[in-house]
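Using the numbering used here, read the sequence shown as starting at 4 and increasing by one per residue.
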Amino acid sequence: MKTVYAHHPDDVKNYTTEKLREQFMMEKVFAGDSIELTYSHVDRIIYGGAMPVEKALTMDAGQELAAEYFLERREMGVINVGGDGKVTLDGKEYDINARDGLYIGKGTKDIVFSSNNPEKPAKFYINSCPAHHSYPTVKVGLDNAIARPLGADESMNKRTIYQFIHPDVLESCQLSMGMTMLEQGSGWNTMPCHTHERRMEVYFYFDMEEDTRVFHMMGQPQETRHILMANEQAVLSPSWSIHAGAGTNNYTFIWGMCGENIDFDDMQFVDMKDLR
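Written out as structure tokens, the structure reads:
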């Protein structure tokens, strides 16, 4: 598990491209028969991916958590972006197929990821954050998520936001999670942009062709930077940073948030004229 620390925005102004990528980007989220995770000191989020191919994968706490098991003091969200698979929680199996989500409550001890077909392995994208209460585990399919169509063709941002882990869908402590799908011909997300003073966010970009990229915008509104993202890569956004993207083609991304509250619309919007 890679560990990254909090960053002061005045320091980030001086980062090179290489250092921005090293500190904010998770370049390899999925590796065959492996669980790849990043632990950030920004609101203590853990994010990454589990990709079982030839064997099932068990989630261990590791020395980073100093816990008996991974969700002893945490909750977790999972969305499958690969082939059909299963998540087994304390012996109970959940079929988690492509685009299915799963909220896993604090106190769940045994977490096992598996694929139905090694030739089309599941890819379980994971977000986890500290939790103060145990809420029930809930499976959320794409048809159970709240769908919010937004944008327009003329602004190149026609998209649908699917809210998987959201107060109107299920109870969680501080984790919010969902997926945004851009339509063909659209490339912009989260623009006009905003910051989240009371929580952080991680974006995971996927459904991208090999020769396409997303220019992920970050930084303070008056000190913007960008990180070039390829398929199945994740990027961290602290509370002081904008988080928006422009792609060379349409794409899909999963967003995950944790922090002070779970009010989805608690945002500090930035006027386009104030961006630098």
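Positions of the beta carbon are idealized from the N, C-alpha and C atoms, including for glycine.
Between the CA atoms of residue j and residue i - distance to the nearest angstrom
i	j	result
LYS368	ASN253	No answer is possible for residue 368: it lies beyond the span of the chain, which begins at 4 and ends at 279.
SER189	ILE107	33 Å
CYS133	SER179	Note that residue 133 is Pro in the sequence shown here, rather than Cys. Each residue's alpha carbon lies about 12 Å from the other.
TRP191	ARG228	16 Å
ASP1	ASP63	In the structure as shown, the chain starts at 4 and stops at 279, and residue 1 therefore has no counterpart that could be examined.
PHE73	PHE167	22 Å
THR19	LEU92	42 Å
THR163	GLY144	15 Å
THR215	LYS22	22 Å
GLY154	VAL205	21 Å
PHE272	ASN119	43 Å
GLU200	ILE265	12 Å
HIS219	ALA101	25 Å
ALA70	SER158	48 Å
TYR165	ILE82	12 Å
Check whether residue i and residue j have beta carbons under 9 Å apart
i	j	result
VAL32	ASP210	no
MET287	ILE245	Nothing about residue 287 can be read from this structure; the chain reaches only from 4 to 279.
TYR97	PHE207	no
PRO170	CYS196	no
MET194	ALA247	yes
SER43	LEU239	yes
SER117	ALA59	yes
PRO55	TRP243	no
VAL90	VAL141	no
THR251	LEU185	no
LEU105	GLY80	yes
LYS109	HIS135	yes
GLY51	ALA237	yes
ASP14	GLY262	no
Pick from the options that is closest to residue i, judged by C-alpha positions
i	options	result
LEU40	VAL7, SER158 and PRO12	VAL7
MET303	PRO152, GLU30, HIS197 and HIS199	What the structure shows of the chain is the stretch from 4 to 279, and residue 303 is not part of that stretch, so it cannot be assessed.
CYS176	PRO139, ASP146, VAL205 and TYR72	PRO139
ARG76	THR91, ILE48 and ASP103	ILE48
PHE27	MET203, GLY86 and LEU173	MET203
ASP277	GLU226, ALA237 and HIS199	GLU226
GLN66	GLU263, LYS5 and ALA233	LYS5
Beta-carbon separation (whole angstroms), residue i vs residue j, contact threshold 8 Å
i	j	result
GLY259	ASN147	Between ASN147 and GLY259 the Cβ distance is about 18 Å, and since that is not below 8 Å, they are no contact.
Continuous beta strand (DSSP E) assignments of at least 3 residues falling wholly in the stretch 168-196: 179-185
Entirely enclosed alpha helix (DSSP H) segments - the stretch 36-76, minimum 4 residues: 65-68
Ordered list of beta strand (DSSP E) runs contained in the stretch 64-141, each at least 3 residues: 77-83, 88-92, 95-99, 104-107, 114-118 and 127-133
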